[in-house]
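Numbering (this note's numbering), first residue to last: 118 to 562.
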């Protein structure tokens, strides 16, 4: 066994040890804290199943304890439930159980989804050293990170999107071409997180028509399945809530944290404490809010939203145009990676606010780009070190958010540039490169 393999195995052993400690800490978190984000989804699911509109619930004083959300005081003007009815339907599976029981069930499911996602991706990395490196990096920078700890403590659902996208990526890579089953998995993710539809749109533009069509049909079918319990009116109110949340972020003062909530013990769970979010992630809406409040600018919110949306079109449309113009010479993995990266990047513009727990999804493009970033190990270590500085050394706020965000995207975009460079230089049929034009010919044959 060579020295490099020994170092990798030691790195992996250390990562496993850190993850074991993280699991123990996470287990303590779910017993000490109530899970403020899980709570609003459980409340929304229970309300929807009871025939009420989850986005227009009356104040807590008019609700039974099973439907009370103790964090609602932070957002008095808009609903705290900002997920679509499809997500509420998923949480409705366990909605009838006591809330503390649901807390433990979702804790187990979130950790299981993370480990299955990592295993699914690792199986697609052919080189043993790169596979070990990817698993170790995923455990250190995802499973053992403050962002993931916050994800589980809050009771978030981004890891389930990751699992579905990993299944889609694994299926597509195993075929090396456009495939409808990959679109089905991605369509399930779109049904839960509509902003991911950007990936399906790009698949269609880049002539992955089977995956795109299957994804759109799957997402639409999932939405239709919720109509018997949600109805058209609930779906109509969902985008209104999102728009209201965007206005609240733009108009609100995010330069300081809200006043802690009053003590509350509701529905068998303790909400008197909550985990402080050391890890942050800066969206453009939050950034514009900080600029607006810091500069004391009184321009109307629609102007700021229009500016945000204009930048979103540029940030998403420019790389999409680049991919479209080079589609004939791109490998299947480059098309898949680029589409998913742009879809994830859309979150930075259209999501009102995201703490660092959403970064768990970025291990997917990291896996797809491992053969390229692995060539520059020192760059990889340096970027990872910058991310760790942002996670641990800088206090919660814009500075930490910028370091972590730039660290992730510097790593991923640099790796993707190397991927495109390799795909454009390699001859047709070279090992590891499957141009989409060749894939189409193979499919036709």
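Every residue gets a Cβ at the ideal spot worked out from N, C-alpha and C, and that includes glycine.
The structure presented is a predicted model; accordingly, all values stated were derived computationally and were not measured.
Residues bridged to residue i by DSSP?
{"i": "residue 297", "result": "Partner(s): none; residue 297 has no beta bridge."}
{"i": "residue 386", "result": "383"}
{"i": "residue 421", "result": "Partner(s): none; residue 421 has no beta bridge."}
What whole-angstrom Cβ distance do residue i and residue j have, given they're in contact under 8 Å?
{"i": "residue 78", "j": "residue 172", "result": "The structure shown has nothing for residue 78, since the chain only spans 118 to 562."}
{"i": "residue 250", "j": "residue 125", "result": "6 Å"}
{"i": "residue 231", "j": "residue 276", "result": "5 Å"}
{"i": "residue 203", "j": "residue 343", "result": "6 Å"}
{"i": "residue 421", "j": "residue 333", "result": "Wrong, their Cβ atoms sit about 31 Å apart, outside the cutoff."}
{"i": "residue 293", "j": "residue 449", "result": "5 Å"}
{"i": "residue 436", "j": "residue 459", "result": "6 Å"}
{"i": "residue 261", "j": "residue 136", "result": "5 Å"}
{"i": "residue 256", "j": "residue 132", "result": "4 Å"}
{"i": "residue 307", "j": "residue 433", "result": "16 Å between Cβ atoms; not a contact."}
From residue i to residue j, what distance separates their C-alpha atoms?
{"i": "residue 486", "j": "residue 174", "result": "45 Å"}
{"i": "residue 224", "j": "residue 148", "result": "10 Å"}
{"i": "residue 489", "j": "residue 286", "result": "17 Å"}
{"i": "residue 392", "j": "residue 167", "result": "31 Å"}
{"i": "residue 464", "j": "residue 213", "result": "32 Å"}
{"i": "residue 411", "j": "residue 404", "result": "10 Å"}
{"i": "residue 271", "j": "residue 477", "result": "14 Å"}
{"i": "residue 466", "j": "residue 120", "result": "44 Å"}
{"i": "residue 268", "j": "residue 279", "result": "13 Å"}
{"i": "residue 178", "j": "residue 387", "result": "18 Å"}
{"i": "residue 317", "j": "residue 265", "result": "27 Å"}
{"i": "residue 394", "j": "residue 365", "result": "20 Å"}
{"i": "residue 331", "j": "residue 536", "result": "27 Å"}
{"i": "residue 515", "j": "residue 406", "result": "12 Å"}
{"i": "residue 123", "j": "residue 522", "result": "31 Å"}
{"i": "residue 425", "j": "residue 134", "result": "42 Å"}
{"i": "residue 170", "j": "residue 351", "result": "6 Å"}
{"i": "residue 359", "j": "residue 199", "result": "6 Å"}
{"i": "residue 138", "j": "residue 469", "result": "32 Å"}
{"i": "residue 455", "j": "residue 252", "result": "22 Å"}
{"i": "residue 383", "j": "residue 505", "result": "36 Å"}
{"i": "residue 300", "j": "residue 201", "result": "20 Å"}
{"i": "residue 534", "j": "residue 492", "result": "13 Å"}
{"i": "residue 527", "j": "residue 281", "result": "25 Å"}
{"i": "residue 209", "j": "residue 222", "result": "13 Å"}
{"i": "residue 283", "j": "residue 440", "result": "21 Å"}
{"i": "residue 248", "j": "residue 321", "result": "31 Å"}
{"i": "residue 162", "j": "residue 145", "result": "26 Å"}
{"i": "residue 263", "j": "residue 524", "result": "16 Å"}
{"i": "residue 549", "j": "residue 142", "result": "Note that residue 549 has pLDDT 38, beneath the 50 cutoff, so the model's placement of it is unreliable and no number is given."}
{"i": "residue 517", "j": "residue 511", "result": "5 Å"}
{"i": "residue 361", "j": "residue 444", "result": "38 Å"}
{"i": "residue 431", "j": "residue 385", "result": "48 Å"}
{"i": "residue 246", "j": "residue 337", "result": "41 Å"}
{"i": "residue 495", "j": "residue 235", "result": "23 Å"}
{"i": "residue 335", "j": "residue 302", "result": "8 Å"}
{"i": "residue 546", "j": "residue 438", "result": "Caution is warranted here: a pLDDT of 32 is assigned to residue 546, below 50, making its placement in the model unreliable, and no coordinate value can be reported."}
{"i": "residue 560", "j": "residue 295", "result": "Reliability of the predicted coordinates at residue 560 is poor, the pLDDT of 35 falling under 50, and the value obtained from them is presented with this limitation in mind. Going by the C-alpha atoms only, they are around 9 Å apart."}
{"i": "residue 184", "j": "residue 196", "result": "13 Å"}
{"i": "residue 140", "j": "residue 481", "result": "21 Å"}
{"i": "residue 329", "j": "residue 186", "result": "38 Å"}
Determine the closest residue to residue i out of the options, with distance taken between C-alpha atoms.
{"i": "residue 241", "options": "291, 136 and 497", "result": "291"}
{"i": "residue 219", "options": "158, 257 and 140", "result": "158"}
{"i": "residue 259", "options": "176, 186, 227 and 495", "result": "227"}
{"i": "residue 206", "options": "339, 221, 273 and 443", "result": "339"}
{"i": "residue 532", "options": "444, 301 and 479", "result": "479"}
{"i": "residue 497", "options": "399, 254 and 324", "result": "254"}
{"i": "residue 153", "options": "460, 329, 274 and 248", "result": "274"}
{"i": "residue 238", "options": "261, 188 and 289", "result": "289"}
{"i": "residue 324", "options": "297, 311, 511 and 408", "result": "297"}
{"i": "residue 402", "options": "428, 509 and 151", "result": "428"}
{"i": "residue 345", "options": "336, 155, 140 and 165", "result": "165"}
{"i": "residue 181", "options": "160, 381 and 188", "result": "160"}
{"i": "residue 244", "options": "347, 503, 484 and 507", "result": "484"}
{"i": "residue 211", "options": "155, 197 and 246", "result": "155"}
{"i": "residue 538", "options": "475, 349, 446 and 520", "result": "446"}
{"i": "residue 151", "options": "176, 188 and 438", "result": "188"}
{"i": "residue 442", "options": "233, 390 and 319", "result": "319"}
{"i": "residue 309", "options": "357, 530 and 341", "result": "341"}
Does chain D have any CB closer than 8 Å to the CB of residue i?
{"i": "residue 519", "result": "Among the chains in the structure shown there is no chain D, since it carries only a single protein chain."}
May I have a chain-ordered list of the alpha helix (DSSP H) segments no shorter than 4 residues that lie completely inside the stretch 193–235? DSSP runs (the alpha helix (DSSP H)) wholly in the stretch 193–235: 202–208.
At 4 residues or longer, and completely inside the stretch 282–369: list those alpha helix (DSSP H) runs for me, N to C. Restricted to the stretch 282–369, the alpha helix (DSSP H) segments that are unbroken, complete and at least 4 residues in length are 297–309, 314–322, 326–342 and 344–368, listed in chain order.
Taking only runs of the alpha helix (DSSP H) that begin and end inside the stretch 490–547, which ones reach a length of at least 4 residues, in chain order? Counting only runs of 4 or more residues that sit fully inside the stretch 490–547, the alpha helix (DSSP H) segments are 494–505 and 515–542, in chain order.
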